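Peer 1: Position 144 of the sequence shown, counting from 1, maps to 159 under the working numbering, and the rest follow consecutively.
Beta carbons: idealized from backbone N, C-alpha and C, even for Gly.
Since the model is a prediction, treat every value here as computed from it, not as a measurement.
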Amino acid sequence: MYVIISMVIAVCMGLIVIVVRMKAQNYPTNARKIILPPFFMATGALMYLFPYFRLTPMEILEAVLVGMFFSLFLIFTSNFVVQDNQIYMKRSKLFPVILISLLVIRSVMKYYLSSMIHPGELAGMFFLLAFSMIVPWRVAMYQKYRKIEQKLNKTVR
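1) Buried or exposed, going by whether 16 or more other CB atoms sit within 10 Å of the CB of V34?
2) For F85 versus M148, is the C-beta spacing smaller than 7 Å?
3) Is the closest heavy atom of the ligand GTP to the C-beta of M124 under 6 Å?
4) At what residues does the beta strand (DSSP E) containing I90 begin and finish?
5) Name the residue from R106, I102 and I132 whose alpha carbon lies nearest to the alpha carbon of N168.
6) Can you have a look at I49 and say buried or exposed, based on whether 16 or more other CB atoms are within 10 angstroms of its CB?
7) What is the DSSP secondary structure of Q40, reduced to helix, strand or coil?
8) Pick out the complete alpha helix (DSSP H) segments inside the region 94-127, 4 residues or longer, and give them in chain order.
9) Count the other CB atoms, across all protein chains shown, that sit within 10 Å of the CB of L137; report buried if there are 16 or more and exposed otherwise.
10) Roughly how many angstroms separate the alpha carbons of L128 and P66, rounded to a whole number?
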């Protein structure tokens with residue numbers, strides 16, 4: 016029952032993220048908007064203070080590797096464009112498809128693994144997976160952003 020409730024919540028949160036990301040493309044971006052989300056998400060790591068959520072070294076490795084693999088899809092579909100001397104996220108038709116696909120894959124994995132892994136460990140693994148996906152994505156976005164910002168600053172001078 017908990018798995019189904021958590022999957023419904025995850026789907027709702029995923030849909031909210033897709034809507035927010037699509038609307039964000041209508042406004043200029045800046046370094047702060049790129050960098051801050053992983054810092055806000057990092058507070059979730061406080062769950063590891065409680066033994067219920069702690070992971071084995073192998074579970075940590077698995078979650079980090081899967082998260083980093085998933086981040087590749089986000090990295091390749093996140094690009095920027097300059098309009099009116101401001102930097103915007105470039106619209107990508109693949110971006111919402113990839114986010115939905117990752118959400119579906121994550122939900123199927125969670126449902127499948129819920130019968131084999133303790134719920135606390137599973138929650139810890141999926142938090143770490145998500146964090147390991149977001150950090151490389153945001154680092155890559157920041158690097159792309161800085162390159163474009165530097166070019167833009169050179170042309171404005």
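Peer 2: Working from what's here:
1) In the sequence shown, counting from the first residue as 1, residue 34 sits at position 19. Exposed.
2) Within the sequence shown, residue 85 is the residue found at index 70, counting from 1. Within the sequence shown, residue 148 is the residue found at index 133, counting from 1. Yes, Cβ-Cβ distance for F85 and M148 is below 7 Å.
3) Because no ligand of any kind appears in the structure shown, any question about the ligand GTP cannot be addressed here.
4) To locate residue 90, count along the sequence shown from 1; it is residue 75. Here I90 belongs to no beta strand (DSSP E); instead the alpha helix (DSSP H) covers P72 to T92.
5) Mapped onto the sequence shown, residue 168 falls at position 153. Between N168 and the set R106, I102 and I132, the nearest pair of CA atoms involves I102.
6) Within the sequence shown, the letter at position 34 stands for residue 49. Buried, because 16 or more other Cβ atoms sit within 10 Å of the Cβ of I49.
7) Residue 40 sits at position 25 when you count from the first residue of the sequence shown. Note: Q40 maps to coil in three-state DSSP.
8) For the region 94-127, not a single whole alpha helix (DSSP H) run of length 4 or above is found.
9) What you label residue 137 is simply residue 122 of the sequence shown in a count that begins at 1. Buried, by the Cβ-count rule.
10) On the sequence shown, residue 128 is found 113 positions in, with the first residue counted as 1. On the sequence shown, residue 66 is found 51 positions in, with the first residue counted as 1. Taking C-alpha positions only, L128 is separated from P66 by approximately 19 Å.
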